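S.K.:
Numbering (this note's numbering), first residue to last: 31 to 839.
1) By DSSP, does residue 87 sit in helix, in strand, or in coil?
2) Three or more beta-carbon pairs under 8 Å between the stretch 521-537 and the stretch 555-574, yes or no?
3) In terms of residue numbering, what span does the alpha helix (DSSP H) encompassing residue 502 cover?
4) Compare the C-alpha of residue 421 against each of 343, 455, 756 and 730 and name the closest.
5) Take residue 475 and list the residues in its own chain whose beta-carbon comes closer than 7 Å to its own, dropping the five residues that flank it on each side.
6) For the 8 Å Cβ check, are there 3 or more pairs between the stretch 442-451 and the stretch 496-512?
7) Span of the alpha helix (DSSP H) holding residue 809?
8) Starting from residue 816, follow its DSSP beta bridges and name the residues at the other end.
9) For residue 375, verify whether its CB is less than 7 Å away from any heavy atom of the ligand NAP.
10) For residue 56, which of helix, strand or coil comes out of DSSP?
11) Go through its chain and collect everything with a Cβ distance to residue 605's Cβ below 7 Å, but skip five positions before and after it.
12) Which residue wins for smallest C-alpha separation from residue 364, given the options 660, 410, 825 and 319?
13) Keeping to the same chain, check which residues put their C-beta closer than 7 Å to that of residue 752; ignore five residues upstream and five downstream.
14) Which of the three DSSP states is assigned to residue 462 in this structure?
15) So, for residue 518: in the same chain, excluding its five sequence neighbours on each side, which residues have a beta-carbon less than 7 Å away from its beta-carbon?
16) Is it the case that the stretch 537-548 contacts the stretch 818-827, given that we only count it when at least three CB pairs across the two stretches are under 8 Å?
17) Under three-state DSSP, which class holds residue 151?
18) Using only CA atoms, which one of 671, 676, 764 and 478 lies nearest to residue 357?
19) With DSSP run on the structure shown, which of helix, strand or coil describes residue 351?
20) Measure from the alpha carbon of residue 396 to the alpha carbon of each residue in 768, 415, 744 and 374, then state which is nearest.
21) Thinking C-beta only, is residue 402 closer than 8 Å to residue 378?
22) Please classify residue 480: is it buried, with 16 or more other beta-carbons within 10 angstroms of its beta-carbon, or exposed?
23) Take the Cβ of residue 718 as the centre, count every other Cβ of all protein chains shown within 10 Å, and call the residue buried at 16 or more, exposed below.
24) Measuring only the C-alpha atoms, how far is residue 804 from residue 491?
25) May I have the straight-line CA-CA distance separating residue 315 from residue 352, to the nearest angstrom?
26) Where residue 348 and residue 329 are concerned, what is the direct C-alpha to C-alpha distance, given to the nearest angstrom?
27) So is residue 827 buried or exposed if we call it buried at 16+ other beta carbons inside 10 Å?
28) Bridge partners for residue 590 per DSSP, in chain order?
29) So, with DSSP's three-state summary, where would you put residue 697?
30) Where does the unbroken alpha helix (DSSP H) through residue 336 begin, and where does it stop?
31) Taking contact to mean at least 3 C-beta pairs separated by less than 8 Å, is the stretch 659-677 in contact with the stretch 704-711?
32) How do the stretch 781-792 and the stretch 740-756 stand: do at least 3 beta-carbon pairs fall below 8 Å, yes or no?
33) Between residue 728 and residue 758, how many whole angstroms is the CB-CB distance? I'm expecting something under 8 Å.
34) Just the C-alpha distance for residue 622 and residue 659, rounded to the nearest angstrom, thanks.
35) Is it right to say residue 608 is buried, meaning 16 or more other beta carbons lie within 10 angstroms of its own, or is it exposed?
36) Roughly how many whole angstroms lie between the Cα atoms of residue 664 and residue 430?
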């Protein structure tokens with residue numbers, strides 16, 4: 031069965047690097063006989079016919095054939111690092127590689143080869159007459175003729191053996207010594223190739239061509255390049271094996287907009303993405319969305335290799351090529367390129383191009399409400415600010431006049447940017463809100479611009495973390511008694527026990543002789559101040575609830591008290607028209623403010639603790655800003671009377687509620703009024719959340735409103751308590767301010783869930799009259815205090831909590 035000279039070439043690809051000499055004149059069965067003398071099934075084998083030579087084979091990048099006439103030729107294959115590499119010391123025969131175990135075995139083959147041969151300690155030629163030394167003497171024509179006759183005889187013997195084995199398949203297997211015979215585990219390597227090809231045809235559903243394939247066809251049809259399979263377009267790597275260099279390169283290319291390897295499964299490519307053939311849902315979720323979000327999350331977690339592997343195996347890319355180019359242009363400060371991509375993307379969108387056409391031409395797929403002027407404004411604003419930081423004032427001025435101004439977008443912001451031209455360099459970051467290097471500001475810009483780009487091509491940053499936050503927040507919202515700062519676990523559904531919530535009163539403080547109007551814990555939770563109609567102010571140690579100080583000096587009832595940020599001082603506000611500053615180290619009065627002509631209703635500290643603001647019913651001095659030494663810093667304009675006030679923890683805004691049913695919000699730094707919010711009834715108190723986002727306002731028509739400070743929108747209304755005449759101060763409560771707590775004129779305490787607005791508990795503790803104030807311990811979420819007209823201050827804790835108490839002063 032000779033195919034003739036110059037017709038047969040054995041191409042054995044080993045990890046993508048191959049050298050093959052001519053095999054002119056060799057008998058097919060003779061070649062296969064030698065090949066079968068070892069476990070070559072674990073290698074990728076290809077037998078190809080060429081004719082002077084085949085154009086397809088010649089085009090292969092690793093085809094190094096040099097046609098020459100030798101009789102008989104020698105076939106050599108080299109792997110990386112072998113002696114036949116260029117510059118090596120010798121040549122290694124093909125038959126020596128038969129005993130080397132493969133770097134990986136496909137799963138369909140590994141099960142048939144349970145005991146692969148081990149790597150020999152020394153690689154020596156097993157072919158008779160082969161010499162690996164560089165200076166060996168070539169064989170004589172007579173010796174080569176004898177060798178060829180011996181090989182022909184061996185091939186005929188193997189062929190007859192194969193035919194006998196096929197006729198009598200029930201014969202017991204005869205183990206042979208690896209590398210010396212044609213059997214491995216009771217059958218030859220040729221039989222394994224034939225058997226495996228038949229199995230692959232059944233599994234992959236490859237139809238026959240109308241006639242049974244010949245034995246040679248069965249032997250050749252199963253061979254593929256290393257690492258690539260035609261089933262589902264992904265490679266199979268055996269357990270413990272590693273991906274080939276071709277696989278690793280393909281995996282890395284899929285993450286930046288390049289495809290891995292061509293699909294033989296008819297898979298479509300849309301918008302630069304390689305679509306997976308797996309169309310099934312993942313628990314009713316879109317498989318592509320889930321996979322791409324996982325790829326993004328793996329990158330953010332630092333597992334880039336795993337992300338590349340997932341992208342390669344699934345066929346999904348994280349971003350389109352256009353997005354990758356746009357991202358790099360932003361992060362590297364190539365503003366002209368980024369702007370060109372934006373402009374072209376809007377032009378494509380206006381012309382009605384589909385998303386596939388857009389992304390394939392390196393144009394972004396935009397959302398429906400994308401604003402071209404807004405996106406360009408953000409882009410050019412970043413360019414302007416970076417020029418300012420570099421002190422390139424002429425260039426910044428050109429950008430301001432010729433690029434930003436013509437957009438006619440956000441004139442107020444444009445004026446603010448122009449004022450930065452005179453800003454000193456050391457203050458620039460503070461003015462523009464940059465608290466980090468330029469690189470981070472570019473990332474924020476990219477995140478802002480991504481809101482206008484379709485998430486199908488550019489997933490918003492930290493998408494999985496955002497989704498997990500939503501999951502946790504949803505569990506918190508459905509947990510009525512969630513009162514812990516710890517984040518719920520993702521392993522199980524979360525639900526807090528009612529018994530852990532402060533619903534029981536275990537202690538009553540009775541040091542006041544009249545109505546108690548106010549109570550407040552210090553920021554560190556170690557002290558509690560109470561004040562009331564009896565003109566006294568009492569400071570308690572919360573570890574034992576013993577009295578630390580009883581502050582005397584006011585001549586009328588004390589309606590309000592507030593701790594300094596470091597808890598070292600205390601301001602008290604009285605109906606005697608004065609405000610006093612007390613030292614918590616000595617209990618002595620440090621300063622008395624007697625400027626107001628009407629009762630001082632409230633006071634609040636600036637975040638730095640170096641100044642404070644007093645509020646009064648005096649129309650001529652309703653809001654006054656004082657230094658810690660009593661010097662007036664600013665007096666707000668006349669015309670209204672203030673019932674309560676608060677400064678946001680970030681120090682940006684001063685909020686005041688007047689007796690005319692209005693909320694006034696001022697910029698605390700510039701003292702300018704930002705807006706005035708009318709109310710449907712009189713407000714009695716205001717409290718601000720710790721994140722400076724929300725304010726809580728008590729209204730005399732039995733309603734508490736949660737208002738967004740930035741937008742002045744009423745987010746939620748809490749109802750149920752009774753309030754019409756008296757001043758009641760509600761507050762945020764719980765470890766993460768998950769609750770709204772308020773007293774009531776019916777002697778009860780009402781607790782609502784802040785997020786869903788549901789009434790959690792109604793507590794009955796005070797004997798009579800109004801519950802005037804509530805304060806939640808910031809250091810102990812399982813404790814809050816209430817002050818009432820019954821002259822009592824009550825401490826609320828969980829049922830199983832025992833308080834350590836000493837005899838009161």
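Heads up, the beta-carbon is just placed ideally off N, CA and C, and yes, glycines get one too. Please read these numbers as outputs of a predicted model, since none were measured by experiment.
M.R.: In brief:
1) For residue 87, the predicted structure reports a pLDDT of 42, less than 50, and the residue's modelled location is therefore unreliable. A value from the coordinates is still provided. Three-state result, residue 87: helix.
2) no
3) 493-507
4) 455
5) 360, 408 and 412
6) no
7) Counting along the chain, residue 809 falls outside any alpha helix (DSSP H), and DSSP gives it neither H nor E.
8) 804 and 824
9) By its list of ligands, the structure shown contains no ligand whatsoever, and the ligand NAP lies outside what it can speak to.
10) Below a pLDDT of 50, predicted positions are generally treated as unreliable, and residue 56, at 45, falls in that range; no measurement from the model is reported.
11) 586, 587, 589 and 629
12) 410
13) 732, 774, 775 and 776
14) helix
15) 502, 505, 506 and 524
16) yes
17) Because residue 151 carries a pLDDT of 39, less than 50, the predicted location of this residue cannot be relied on, and the following value inherits that uncertainty. Looking at residue 151 - three-state DSSP - the assignment turns out to be coil, as it is neither helix nor strand.
18) 478
19) helix
20) 374
21) no
22) buried
23) buried
24) 41 Å
25) 26 Å
26) 10 Å
27) buried
28) 603
29) strand
30) 334-344
31) no
32) yes
33) 6 Å
34) 10 Å
35) buried
36) 35 Å
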